[in-house]
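Residues 97 to 327 (this note's numbering) are what the sequence shown spells out, left to right.
All C-beta atoms in this analysis are idealised placements derived from N, C-alpha and C, irrespective of residue type, glycine included.
Step one of this worksheet: look at the structure below.
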Amino acid sequence: MDRPDTAKSSPFTTHWPTPSPRLRSSRQFSSIRKENASMPDPLLPKPAVQPSSVTVNGLTLALAQTRETVSIGPFAKCLPDLNAALASAFGATLPADFSTTSGHDGLQLTRAAHHQWFAHAQAGAGLMARLVPLCAGLAALTNQTDSRVTLCLRGTGADAVAAKLVPVDLAPDHFGPGSTALTLAGHIPVILSRPDVTPGLDFTVFRSFARSLHHDIHVAMKGGIPNSERV
Numbered sequence: 097m098d099r100p101d102t103a104k105s106s107p108f109t110t111h112w113p114t115p116s117p118r119l120r121s122s123r124q125f126s127s128i129r130k131e132n133a134s135m136p137d138p139l140l141p142k143p144a145v146q147p148s149s150v151t152v153n154g155l156t157l158a159l160a161q162t163r164e165t166v167s168i169g170p171f172a173k174c175l176p177d178l179n180a181a182l183a184s185a186f187g188a189t190l191p192a193d194f195s196t197t198s199g200h201d202g203l204q205l206t207r208a209a210h211h212q213w214f215a216h217a218q219a220g221a222g223l224m225a226r227l228v229p230l231c232a233g234l235a236a237l238t239n240q241t242d243s244r245v246t247l248c249l250r251g252t253g254a255d256a257v258a259a260k261l262v263p264v265d266l267a268p269d270h271f272g273p274g275s276t277a278l279t280l281a282g283h284i285p286v287i288l289s290r291p292d293v294t295p296g297l298d299f300t301v302f303r304s305f306a307r308s309l310h311h312d313i314h315v316a317m318k319g320g321i322p323n324s325e326r327v
C-alpha cells in the first residue's frame, strides 16, 4: 500500500508566510528614547543668604563682602621660616594664640584651628598668587574663598544676642578686639571674632551653613531662639 504524500496540500494544512530576509546595517540603534538636545542651565553666583542685611531694634546682621581667603598649613618644623617670610613680605606673622593680626596691603592672618591659619585680603588682591612662591616648601595652601562666608553682627547689644548662641565669655577684658574663638553657634561650627572696639562680632562659617546661622542669629535678635532651645 502506498504511503500518502504528506507534502500535498489539504484543507486542514496551515501555510505560514516565508519570512523575508533582513537587511543588515552597520548602524547601531538604541532603545533609549531620544531627548531634545539642550544646553545645561548656567550656574550663576548668588548671595549665600538673602536678604544680605537685616536690622532689628538697632542691631544689623549683614553678609560681609567676599574676601580672598587662603588656608595656610605649615609643614613640620617650618613655622619659624614661614613667619620670617610673611614678616618680610607683609609685616605680619601667624598669631600664636587665637587672634587676628593685620599686615601690609590689607592682609589679615587669623588662627583658624590647630596648626592652621587663614590669610584674608580684599577680592582681586591676588593673594594666592603672592603666597605660592612665598610659602613654597614651607606650607600647604588651599583657596577657601568660595567655601566660607562671614556674617557681621553690629550694634549695641550684639554681645547679648551672640551669648544666646555661643558658649564663649564675651566680656571685653576676656574677648577684646582681635580675639578669635573656634566654637559652636547652636549646632553650627563657627569662627567667632571681634574685629575692633565698636560693638559687634563676626561669624565666619562654611557657606553651606550660612542660611541656618543667619536664621538663628536673626531669631535671637528678635528676642529668642525657640527652635534651638528645645530638646
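- For asparagine 153, there is no enclosing alpha helix (DSSP H), as DSSP gives it neither H nor E.
- When C-beta atoms of the stretch 179–186 are compared with those of the stretch 228–237, three or more pairs fall below 8 Å, so the two segments count as touching.
- One Cα belongs to proline 191, the other to isoleucine 287, and the distance between them is close to 15 Å.
- Here threonine 246 is near phenylalanine 299, since their CB atoms are less than 9 Å apart.
- When secondary structure is reduced to three states using DSSP, phenylalanine 305 falls in the helix class.
- Three or more Cβ pairs closer than 8 Å define a contact, and the stretch 251–261 falls short of that threshold against the stretch 170–182.
- Every unbroken stretch of the beta strand (DSSP E) spanning 3 or more residues and falling wholly within the stretch 167–213 is given here in chain order: 196–198 and 204–209.
- Distances from the alpha-carbon of aspartate 177 to those of Gly251, Ala235, Phe271 and Gly296 put Ala235 closest.
- Judged by DSSP in its simplified three-state form, proline 229 adopts helix.
- Annotation: phenylalanine 305 to alanine 180 spans about 36 Å, alpha carbon to alpha carbon.
- Across the structure, histidine 200 and serine 149 are spaced so that their CA atoms are roughly 29 Å apart.
- Straight across, the Cα-Cα distance linking leucine 266 with leucine 159 is about 22 Å.
- Within a 10 Å sphere around the beta-carbon of alanine 225 sit fewer than 16 other beta-carbons, which makes this residue exposed.
- Note on geometry: alpha-carbon atoms of arginine 250 and leucine 175 lie some 35 Å from one another.
- By the CB criterion at 9 Å, proline 291 and threonine 196 fall inside the cutoff.
- The Cβ atoms of glutamine 218 and glutamate 164 sit closer than 9 Å to each other.
- Cβ contact annotation for phenylalanine 194 (same chain, cutoff 8 Å, sequence separation greater than five): Arg207, Ser275, Thr276, Ala277 and Leu278, in chain order.
- Shortest Cα-Cα distance from isoleucine 284 to any of Gln146, Arg244, Ala215 and Pro268 involves Arg244.
- Here the alpha carbons of glycine 319 and threonine 252 stand approximately 14 Å from one another.
- In its chain, beyond the 5 residues on either side, Val150, Val152 and Leu157 have a beta carbon closer than 8 Å to the beta carbon of histidine 314.
- For serine 198 and histidine 216, the gap between their C-alpha atoms comes out near 9 Å.
- Put simply, the backbone Cα of alanine 316 is about 30 Å away from that of leucine 205.
- Rounded to the nearest angstrom, the Cβ distance from valine 293 to proline 263 is 24 Å, too far for a contact under 8 Å.
- Its Cα nearest to that of leucine 203, the residue Gly222 stands out among Gly222, Gly282 and Ala209.
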